[in-house]
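Enquirer: Here it is, the structure, as C-alpha cells.
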Ligand SMILES: O=C(O)CCC(=O)C(=O)O
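Numbering (this note's numbering), first residue to last: 8 to 259.
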C-alpha cells in the first residue's frame, strides 16, 4: 500500500484500486460464483464457498495483504477473515439494498478507526472484489467519506441524522471501476449497498471482512465449515483461526 493510498484511506476511509485481477483470474472467480449459485452439487464439498476452489487465492492476495498489513496489523498471523458474502444484483431487482450503517467515532474494537504511533489502526476492514464493471452511480457501494472520524454522531448511539442518509443529501460518494477491481473500506465508515441500475451487467462481487485476530464481529457463516476450511492450503486456513493471539506453542 503506497503512502498516497494510505493518505486517501485515512482521509476518506476507503480506496478503490482498479484492475487488480487479470481477466483470466476475474473470469475464474466469476465462473466459480456462478456454479456455486446455480449448481453447488457440481462442486466438491470443499469448494462450496465463495472463497474456495478457484477463488481461494483471493484470501491472501498479495495486494490485499499489503493493504491489511498497513491498516490492521503488520503481521499476517494477526489477521482473520471473519465473514464473507456474495453480492449478486441486477437491474430491476425489487429488494432495496439502501441500508446505511456504521459511521462516527466508535469504541467498539471492530468498528473503531484510530491513528496512533504513526500508523493506521483500523478494526474490521471490508475488501470488495468487483468482478463486473461498475459504472459510477449505477450500484457500487455508497460511502460517506470521512465518516469514520465524524465526532457529532455515532452509529453506536444510533444518532446518525436521517437527513444525511438520504441518497440525495450530497454526503455520499461512490465509484466506477473495471472488472477485477478492489474496493477497501473501514467498516467504521457509513456505507450502504445501492440499487443496481445497469441493464445487461449484473453486480458480481465478493465481500470479505477481515479483522484483527483478537476480536470478532460476525457469527461465522455456514460456508466457513470444516470441509471448506480444511480444503484450503495450510497458510490460508490460518485466516479462519479462533479469536486469540497468544497460542500455547509460543512463537519465537
Ligand atoms: O455494497 C454492498 O452491497 C454493501 C456492503 C455492506 O453493507 C457491508 O459490507 O457492510
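Each residue gets a CB set at the ideal place from its N, CA and C atoms; glycine is no exception.
Treat the numbers as computed from the prediction; the structure is a model and nothing was measured.
Nearest to residue 5 by alpha carbon, out of 221, 30 and 106?
Expert: Since the first and last residues shown for the chain are 8 and 259, residue 5 lies out of range.
Enquirer: On the DSSP bridge assignment, give the partners of residue 180 in chain order.
Expert: As a working mapping, residue 180 is identified with position 173 in the chain shown. Looking at the DSSP assignment, residue 180 forms a beta bridge with 150.
Enquirer: Less than 9 Å separating the beta-carbons of residue 252 and residue 184?
Expert: In the chain shown, counting from the first residue as 1, residue 252 sits at position 245. In the chain shown, counting from the first residue as 1, residue 184 sits at position 177. No. Outside cutoff.
Enquirer: Thinking residue 230 and residue 55 are a contact (beta carbons under 8 Å), I'd like their distance in whole angstroms, please.
Expert: Walking along the chain shown from the start, residue 230 turns up at place 223. Walking along the chain shown from the start, residue 55 turns up at place 48. Rounded, the Cβ-Cβ distance is 7 Å, consistent with contact.
Enquirer: Just how far apart, CA to CA, sit residue 111 and residue 145?
Expert: Counting from 1 along the chain shown, the entry for residue 111 is found at position 104. Counting from 1 along the chain shown, the entry for residue 145 is found at position 138. Distance between the alpha carbons of residue 111 and residue 145: 26 Å.
Enquirer: What does the alpha-carbon distance come out to for the pair residue 139 and residue 62?
Expert: Taking the first residue of the chain shown as position 1, residue 139 is located at position 132. Taking the first residue of the chain shown as position 1, residue 62 is located at position 55. In a straight line, the C-alpha of residue 139 is about 15 Å away from that of residue 62.
Enquirer: Count the other CB atoms, across all protein chains shown, that sit within 10 Å of the CB of residue 28; report buried if there are 16 or more and exposed otherwise.
Expert: Indexing the chain shown from 1 puts residue 28 at position 21. Counting Cβ neighbours within 10 Å, residue 28 comes out buried, since at least 16 surround it.
Enquirer: Where DSSP assigns a beta bridge to residue 11, which residues make up the other side?
Expert: Taking the first residue of the chain shown as 1, we reach residue 11 at position 4. According to DSSP, which records beta bridges pairwise, residue 11 is partnered with nothing at all.
Enquirer: My parser needs the beta strand (DSSP E) runs of 3 or more residues fully inside the stretch 197-240; what are they?
Expert: Complete beta strand (DSSP E) runs here, min 3: 210-219.
Enquirer: Please give me, in chain order, every unbroken run of the beta strand (DSSP E) with length at least 3 that falls completely inside the stretch 63-130.
Expert: The stretch 63-130 contains these whole beta strand (DSSP E) runs: 86-96, 120-123 and 126-129.
Enquirer: Looking at the unbroken alpha helix (DSSP H) that takes in residue 170, where does it start and where does it end?
Expert: Taking the first residue of the chain shown as position 1, residue 170 is located at position 163. Looking at the DSSP string, the run of the alpha helix (DSSP H) that includes residue 170 is 169-172.
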